[in-house]
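Let me begin by presenting the structure, written as structure tokens, before commenting on it.
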Amino acid sequence: MAGPNLTISRRDILIAASATAATAAFPTHAAHPSEDNRRTGDMERISFKNRNIDVAGHIHFPNGFDETKSYTALVLATPGSSVKEQIGAIYAKRLAQRGFVALTFDPSYQGESSGEPRDLEDPAARVEDIRCAVDYLMTLPFVGEERVGLLGICAGGGYAINAALTEHRFKAIGTVVANDIGLAFRQMQPKDDLLKTLEAVGKQRTAEARGGELRRDPWIPDSLREAEAAGITDPEVFEAVTFYRESRNRHPNSTNRLLFKSYSHLLSFDAFGLVPELLTQPLQVIVGGRRGNTGQYEAGQALFDRSPTTEKDFFVIEGAGHYDMYYIPEFVDQAIDRLVPFYSRHLGA
Numbered sequence: 001m002a003g004p005n006l007t008i009s010r011r012d013i014l015i016a017a018s019a020t021a022a023t024a025a026f027p028t029h030a031a032h033p034s035e036d037n038r039r040t041g042d043m044e045r046i047s048f049k050n051r052n053i054d055v056a057g058h059i060h061f062p063n064g065f066d067e068t069k070s071y072t073a074l075v076l077a078t079p080g081s082s083v084k085e086q087i088g089a090i091y092a093k094r095l096a097q098r099g100f101v102a103l104t105f106d107p108s109y110q111g112e113s114s115g116e117p118r119d120l121e122d123p124a125a126r127v128e129d130i131r132c133a134v135d136y137l138m139t140l141p142f143v144g145e146e147r148v149g150l151l152g153i154c155a156g157g158g159y160a161i162n163a164a165l166t167e168h169r170f171k172a173i174g175t176v177v178a179n180d181i182g183l184a185f186r187q188m189q190p191k192d193d194l195l196k197t198l199e200a201v202g203k204q205r206t207a208e209a210r211g212g213e214l215r216r217d218p219w220i221p222d223s224l225r226e227a228e229a230a231g232i233t234d235p236e237v238f239e240a241v242t243f244y245r246e247s248r249n250r251h252p253n254s255t256n257r258l259l260f261k262s263y264s265h266l267l268s269f270d271a272f273g274l275v276p277e278l279l280t281q282p283l284q285v286i287v288g289g290r291r292g293n294t295g296q297y298e299a300g301q302a303l304f305d306r307s308p309t310t311e312k313d314f315f316v317i318e319g320a321g322h323y324d325m326y327y328i329p330e331f332v333d334q335a336i337d338r339l340v341p342f343y344s345r346h347l348g349a
């Protein structure tokens, strides 16, 4: 492990904290809500299918929602390890207050969604979740068929862009601190270490095929104390731990565990590679002005530069870091204020 004065990569974090992974308890997905407890105020619990998986979601409605009218709808794709009650809810509620129907959901294999093995992060499944979400919206009489947009946040931004390459029912695409999780994970370690990771994944899959225990590692340390004990110095790691593990935004359905064999899917994923050829929709890219090791600013700039559309905008929220854009009101509200006219202009809201 790197010394206390060196920045430690996410891979080092996972390794440092993995001793707790094998013995931790992991909740299974929750049962689907009954008809009498689906609707709560301006939010409704729903589910839709991704092949044989039940994807659990929340639809957030505008004030004074009238199901006989037609609305602009947005699908939200959220960060790795997060659930719909966290970043997705923060943005969906604000967008609903501005007149949009907003759908956020738990990824397949995570949160209240079904799917085994639990805690699998599979980019192909994450992208298909997004396509299935728009399938679901197309069944709702109050959603305008030509008035559906997509918003991706953090890793969800990469998944959203990848889905939008071939899912042109999304007529406008927005991202906030978007990242290509495959590229980010590849760049976190030297090539020799990356190849060793893939070797370890192969050995783990062999062990599991022979009846061995599944391996789950933490996405981030489970506490600030654990991060300090591991010698981590990267301030963004502490910001992530604060948000996910030690604030009111912590949620019991977010396990903070990544199935180790997910790396065989993640390390080969390329979110933005076909953007110049296939991403034709209007694009709004929002980044935080405070750069850090997540690479959100650089990823957003690369996405913007690769996009072939002339209807695109790159907006910097000064002073905001990656995790500030998840929940700090002064920064989230600036993002919403930029996204609302963008979607309204291109979706006819």
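So the sequence shown is residues 1 to 349, counted in the working numbering.
Note that beta-carbon positions come from the ideal geometry of N, C-alpha and C, so glycine has one too.
Under DSSP, N50 shares a beta bridge with I53. Cβ neighbours of A133 within its own chain (closer than 8 Å, five residues either side excluded): F48, V55, G57, V75, L103 and F105. L283 and W219 have their C-alpha atoms spaced approximately 29 Å apart. With a contact defined as Cβ atoms closer than 8 Å, G144 and Y71 qualify at about 7 Å. The DSSP-derived three-state label of F142 is coil.
A direct Cα-Cα distance of roughly 33 Å separates R248 from F142. Under the 10 Å beta carbon count, A178 is surrounded by 16 or more other beta carbons and is classified as buried. By the neighbour-count definition (other C-beta atoms within 10 Å, threshold 16), R216 is a buried residue. Taking a 10 Å sphere around the C-beta of S307, we find 16 or more other C-beta atoms and assign the residue as buried.
A contact between stretches requires three or more CB pairs, one per stretch, nearer than 8 Å, and the region 152-171 meets this requirement with the region 267-281. The alpha carbon of D193 has as its nearest neighbour, out of D135, Y109, Y263 and D180, the alpha carbon of Y263. In the DSSP assignment, G182 falls within the unbroken alpha helix (DSSP H) covering I181 to Q187.
Spatial neighbours of T175 in its own chain (CB-CB distance under 6 Å, excluding positions within 5 residues in sequence) are listed in chain order as G152, G157 and V285. When F342, R250, A240 and R257 are compared, the shortest CA-CA separation from D324 is found for A240. Going by DSSP, R216 is part of the beta strand (DSSP E) stretching over R216 to P218.
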